[in-house]
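Remarks on the structure that follows.
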Amino acid sequence: MSLALFLLTLLFPPRTLTDSALALPSTVASISPRPVQLVVPVTPMRRPTAPPQSLSYRVTATTYWPEVGQTDDAPMETADGSIIPARHSSKTRWLAVSRDLLKTWGGPFNYGDKVRVSGISSALDGIYVIHDTMNRRHRHCVDVLVNERECKTGLEGRWPNIKLSKFVFEPAWQAS
(Lines of atoms letter the chains of each structure in order from A and count residues from 1; the text may use other names and numbers.)
(Lines give C-alpha, C1' and ligand atoms only; values in the text may rest on other atoms or scores of the structure.)
Protein backbone atom coordinates (compact mmCIF):
# COMPACT_ATOMS: atom_id res chain seq x y z
CA MET A 1 0.00 0.00 0.00
CA SER A 2 1.29 3.41 -0.77
CA LEU A 3 1.78 6.14 1.75
CA ALA A 4 -0.93 8.31 0.20
CA LEU A 5 -3.50 5.57 0.37
CA PHE A 6 -2.57 4.85 3.97
CA LEU A 7 -3.02 8.50 4.94
CA LEU A 8 -6.37 8.70 3.20
CA THR A 9 -7.64 5.60 4.93
CA LEU A 10 -6.47 6.99 8.25
CA LEU A 11 -8.08 10.38 7.76
CA PHE A 12 -11.28 9.08 6.19
CA PRO A 13 -12.04 5.60 7.50
CA PRO A 14 -14.44 3.54 5.32
CA ARG A 15 -18.03 3.35 6.56
CA THR A 16 -20.40 0.54 6.15
CA LEU A 17 -23.84 1.46 4.90
CA THR A 18 -26.98 0.17 6.55
CA ASP A 19 -30.06 -1.07 4.67
CA SER A 20 -31.94 2.17 5.39
CA ALA A 21 -29.21 4.23 3.78
CA LEU A 22 -29.44 2.10 0.64
CA ALA A 23 -33.21 2.70 0.25
CA LEU A 24 -34.50 5.31 -2.13
CA PRO A 25 -35.59 8.63 -0.71
CA SER A 26 -39.21 8.68 0.46
CA THR A 27 -40.29 11.28 -2.10
CA VAL A 28 -39.37 9.02 -4.96
CA ALA A 29 -40.52 5.79 -3.33
CA SER A 30 -44.07 7.01 -2.70
CA ILE A 31 -45.18 8.10 -6.14
CA SER A 32 -48.88 8.80 -6.32
CA PRO A 33 -50.84 9.53 -9.49
CA ARG A 34 -51.63 13.16 -10.04
CA PRO A 35 -54.45 14.58 -12.14
CA VAL A 36 -53.36 15.35 -15.67
CA GLN A 37 -55.17 17.90 -17.76
CA LEU A 38 -56.03 16.54 -21.19
CA VAL A 39 -55.88 18.96 -24.07
CA VAL A 40 -58.55 18.11 -26.64
CA PRO A 41 -58.55 20.14 -29.85
CA VAL A 42 -61.83 21.95 -30.25
CA THR A 43 -62.87 23.32 -33.60
CA PRO A 44 -64.47 26.72 -33.10
CA MET A 45 -68.04 27.19 -34.26
CA ARG A 46 -68.38 29.42 -37.27
CA ARG A 47 -70.39 32.51 -36.57
CA PRO A 48 -72.63 33.75 -39.31
CA THR A 49 -70.87 36.51 -41.19
CA ALA A 50 -74.07 38.40 -41.83
CA PRO A 51 -77.40 38.52 -40.09
CA PRO A 52 -80.07 36.31 -41.61
CA GLN A 53 -81.60 37.77 -44.71
CA SER A 54 -85.14 39.02 -44.29
CA LEU A 55 -87.90 38.00 -46.65
CA SER A 56 -88.61 41.49 -47.95
CA TYR A 57 -86.76 44.78 -48.26
CA ARG A 58 -87.84 48.40 -48.34
CA VAL A 59 -86.19 50.24 -51.22
CA THR A 60 -86.56 53.36 -53.34
CA ALA A 61 -87.69 52.75 -56.92
CA THR A 62 -87.02 54.87 -59.98
CA THR A 63 -87.45 54.35 -63.72
CA TYR A 64 -84.79 54.43 -66.43
CA TRP A 65 -84.47 53.81 -70.14
CA PRO A 66 -81.30 52.84 -72.01
CA GLU A 67 -79.53 56.00 -73.11
CA VAL A 68 -75.94 57.06 -72.57
CA GLY A 69 -76.95 59.81 -70.14
CA GLN A 70 -78.55 57.29 -67.76
CA THR A 71 -76.28 54.28 -68.32
CA ASP A 72 -72.71 53.64 -69.45
CA ASP A 73 -71.27 53.77 -72.98
CA ALA A 74 -73.17 50.62 -74.04
CA PRO A 75 -76.74 51.41 -72.97
CA MET A 76 -78.36 48.34 -74.54
CA GLU A 77 -76.09 45.87 -72.68
CA THR A 78 -76.83 45.13 -69.03
CA ALA A 79 -74.39 44.20 -66.26
CA ASP A 80 -75.10 40.48 -66.62
CA GLY A 81 -74.40 40.58 -70.37
CA SER A 82 -78.02 40.57 -71.56
CA ILE A 83 -79.03 42.81 -74.45
CA ILE A 84 -82.14 44.94 -73.95
CA PRO A 85 -84.67 44.23 -76.73
CA ALA A 86 -85.03 47.05 -79.25
CA ARG A 87 -88.81 47.24 -78.72
CA HIS A 88 -88.74 47.09 -74.92
CA SER A 89 -91.32 48.62 -72.61
CA SER A 90 -92.32 48.41 -68.96
CA LYS A 91 -93.83 45.02 -69.82
CA THR A 92 -90.29 43.68 -70.39
CA ARG A 93 -90.01 43.53 -66.56
CA TRP A 94 -86.26 43.97 -66.21
CA LEU A 95 -84.77 45.52 -63.11
CA ALA A 96 -81.49 47.16 -62.12
CA VAL A 97 -80.62 46.98 -58.41
CA SER A 98 -78.10 48.85 -56.30
CA ARG A 99 -74.87 47.03 -55.47
CA ASP A 100 -75.72 46.49 -51.81
CA LEU A 101 -78.61 44.25 -52.91
CA LEU A 102 -76.42 41.95 -55.07
CA LYS A 103 -74.80 38.86 -53.57
CA THR A 104 -71.42 39.87 -55.04
CA TRP A 105 -71.37 42.81 -52.63
CA GLY A 106 -73.03 41.06 -49.67
CA GLY A 107 -76.70 41.37 -50.63
CA PRO A 108 -79.39 38.71 -51.00
CA PHE A 109 -79.96 38.71 -54.79
CA ASN A 110 -78.15 37.40 -57.88
CA TYR A 111 -78.48 38.30 -61.54
CA GLY A 112 -81.39 36.35 -62.99
CA ASP A 113 -83.34 36.20 -59.71
CA LYS A 114 -87.04 36.93 -59.92
CA VAL A 115 -88.29 39.52 -57.44
CA ARG A 116 -91.72 40.89 -56.61
CA VAL A 117 -91.98 44.69 -56.60
CA SER A 118 -95.03 46.25 -54.98
CA GLY A 119 -96.01 49.77 -54.01
CA ILE A 120 -95.10 51.73 -57.15
CA SER A 121 -98.30 51.75 -59.21
CA SER A 122 -100.70 49.27 -60.73
CA ALA A 123 -98.84 49.56 -64.05
CA LEU A 124 -95.37 48.86 -62.60
CA ASP A 125 -96.02 46.44 -59.74
CA GLY A 126 -95.25 42.81 -60.49
CA ILE A 127 -92.56 40.20 -61.00
CA TYR A 128 -89.21 41.40 -62.39
CA VAL A 129 -85.93 39.74 -63.35
CA ILE A 130 -82.67 41.31 -62.12
CA HIS A 131 -80.40 42.03 -65.10
CA ASP A 132 -78.51 45.21 -64.27
CA THR A 133 -76.61 47.11 -61.58
CA MET A 134 -77.07 50.74 -60.65
CA ASN A 135 -74.24 53.22 -60.13
CA ARG A 136 -72.21 52.65 -56.95
CA ARG A 137 -73.53 55.86 -55.33
CA HIS A 138 -77.02 54.32 -54.89
CA ARG A 139 -78.01 52.29 -51.79
CA HIS A 140 -81.26 50.29 -51.31
CA CYS A 141 -82.57 51.33 -54.72
CA VAL A 142 -84.03 49.65 -57.78
CA ASP A 143 -84.42 50.96 -61.33
CA VAL A 144 -87.33 49.72 -63.44
CA LEU A 145 -86.62 49.47 -67.17
CA VAL A 146 -89.21 51.41 -69.19
CA ASN A 147 -89.44 52.94 -72.64
CA GLU A 148 -88.73 56.66 -73.06
CA ARG A 149 -92.22 57.21 -74.51
CA GLU A 150 -93.80 55.67 -71.39
CA CYS A 151 -91.94 58.11 -69.17
CA LYS A 152 -93.36 61.03 -71.11
CA THR A 153 -96.86 59.63 -70.53
CA GLY A 154 -96.50 59.54 -66.75
CA LEU A 155 -94.46 56.47 -65.73
CA GLU A 156 -91.36 58.46 -64.82
CA GLY A 157 -90.83 59.05 -61.13
CA ARG A 158 -89.27 58.22 -57.81
CA TRP A 159 -91.10 56.12 -55.22
CA PRO A 160 -89.75 55.63 -51.69
CA ASN A 161 -90.67 52.76 -49.37
CA ILE A 162 -91.29 50.15 -52.08
CA LYS A 163 -91.47 46.50 -51.01
CA LEU A 164 -88.98 44.20 -52.76
CA SER A 165 -89.06 40.45 -52.07
CA LYS A 166 -87.62 37.34 -53.65
CA PHE A 167 -90.18 35.59 -55.80
CA VAL A 168 -90.74 31.92 -55.01
CA PHE A 169 -93.12 30.05 -57.24
CA GLU A 170 -95.67 28.12 -55.21
CA PRO A 171 -97.99 25.91 -57.25
CA ALA A 172 -101.65 26.38 -56.41
CA TRP A 173 -102.40 22.69 -56.84
CA GLN A 174 -100.69 19.42 -57.61
CA ALA A 175 -101.89 16.57 -59.72
CA SER A 176 -102.38 13.38 -57.79
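Numbering-wise (my numbering), the sequence shown opens with residue 303 and increments by one. In this text, a Cβ means the ideal position worked out from N, Cα and C, and glycines have one as well.
Following the continuous beta strand (DSSP E) through T345, name the residue where it begins and the one where it ends.
-> Run containing T345: none; DSSP gives neither H nor E here.
Which residues in the same chain have their Cβ closer than 7 Å to the Cβ of L340, if we skip the five residues on either side of it in sequence?
-> none
What first and last residue would you give for the alpha helix (DSSP H) that runs through L313?
-> L305 to L313
Along the beta strand (DSSP E) that carries V431, what are the first and last residues, could you check?
-> G428 to T435
V446 and A363: beta carbons closer than 8 Å?
-> yes
Out of curiosity, what's the CA-to-CA distance linking K454 and S423?
-> 16 Å
By the 10 Å Cβ neighbour count, where 16 or more other Cβ atoms means buried, how is L312 classified, buried or exposed?
-> exposed
For Y430, which residues of its own chain have a beta-carbon under 6 Å away from its beta-carbon, when the five flanking residues on both sides are left out?
-> R395, L397, V417 and V419
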